[in-house]
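Residue numbers (our numbering), protein chains in the order written: chain Y, 385 to 599; chain S, 8 to 17.
Beta carbons: idealized from backbone N, C-alpha and C, even for Gly.
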């Protein structure tokens with residue numbers, strides 16, 4: 385474990401706590417893409433298949449359980465909570481996310497570290513995570529205005545992957561056989577997807593104005 | 008499982 389990876393995991397956890405705070409405090413999920421949340425739940429469920437077969441550390445197991453439970457909790461809350469689901473922007477959240485699932489799965493069948501069930505689903509989860517934010521970014525683009533908590537949620541989510549890139553660079557130079565090129569390339573693509581959002585987030589923060597995304 | 012196979016990252 386290194387400081388970059390720990391910082392990445394903590395910003396990832398913060399992003400989920402900010403999301404849960406927004407939904408429970410405001411009893412609203414407006415501005416949040418249910419499709420992105422469903423994709424994240426799928427990412428964690430397919431990535432942590434080794435949850436009960438390989439014990440890495442107590443920290444690793446607890447964080448996996450937290451990520452799976454919180455992503456499922458958000459999806460259930462957005463789908464079932466009587467009050468929350470009324471505020472879901474159904475007609476704005478129209479990204480065809482099934483294509484993302486299909487594309488990630490086909491790519492995972494072609495490009496993986498080992499052609500085994502667990503490795504293919506691990507690669508699938510890595511590719512899908514890189515693309516999972518797209519419905520959310522499209523929804524924000526369409527709605528134009530980004531409320532503070534939603535903006536912070538996406539910001540921390542992007543920061544988590546950026547920290548992981550520093551982690552991979554650090555591990556590349558400090559560990560002999562470290563080679564996570566699938567995660568590195570995919571993580572890089574994911575962070576680039578946020579670049580546009582980061583730019584407008586920084587502008588709004590600098591001008592102390594409400595964040596606006598160009599339509 | 009060789010160590011490199013263990014996915015120790017989240």
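Beta-bridge analysis with DSSP links residue 596 of chain Y to Y:529. Closer than 8 Å to the CB of residue 540 of chain Y there is not a single CB belonging to chain S. For residue 470 of chain Y, the three-state secondary structure derived from DSSP is helix. Under the 10 Å beta carbon count, residue 519 of chain Y is surrounded by 16 or more other beta carbons and is classified as buried. Counting along the chain, residue 509 of chain Y sits inside the alpha helix (DSSP H) bounded by residues 501-516. Within the stretch 499-527 of chain Y, contact with chain S at the beta-carbon level (separation under 8 Å) is assigned to 506.
Beta-carbon to beta-carbon, residue 572 of chain Y and residue 549 of chain Y are separated by about 6 Å, close enough to satisfy the 8 Å threshold.
Neighbourhood of residue 447 of chain Y in chain S, by CB distance below 7 Å: 17, in chain order.
Boundaries of the alpha helix (DSSP H) harbouring residue 395 of chain Y: 387-410, taken from the DSSP string. With respect to chain S, the C-beta atom of residue 440 of chain Y has a partner C-beta closer than 8 Å. Remark: C-beta atoms of residue 460 of chain Y and residue 407 of chain Y do not approach each other more closely than 8 Å. Chain order gives the chain S residues near residue 389 of chain Y as 16, where near means a beta carbon separation below 7 Å. Cβ contact annotation for residue 575 of chain Y (same chain, cutoff 7 Å, sequence separation greater than five): 542, 545, 546 and 549, in chain order. Nearest neighbour of residue 593 of chain Y by Cα position, chosen from Y:531, Y:564 and Y:566, turns out to be Y:531. The beta carbon of residue 451 of chain Y falls within 8 Å of a beta carbon belonging to chain S, placing the residue at that interface. A direct Cα-to-Cα measurement between residue 447 of chain Y and residue 437 of chain Y gives close to 16 Å. Per the coordinates, the alpha-carbon of residue 464 of chain Y lies some 14 Å from the alpha-carbon of residue 474 of chain Y. Spatial neighbours of residue 422 of chain Y in its own chain (CB-CB distance under 8 Å, excluding positions within 5 residues in sequence) are listed in chain order as 459 and 481.
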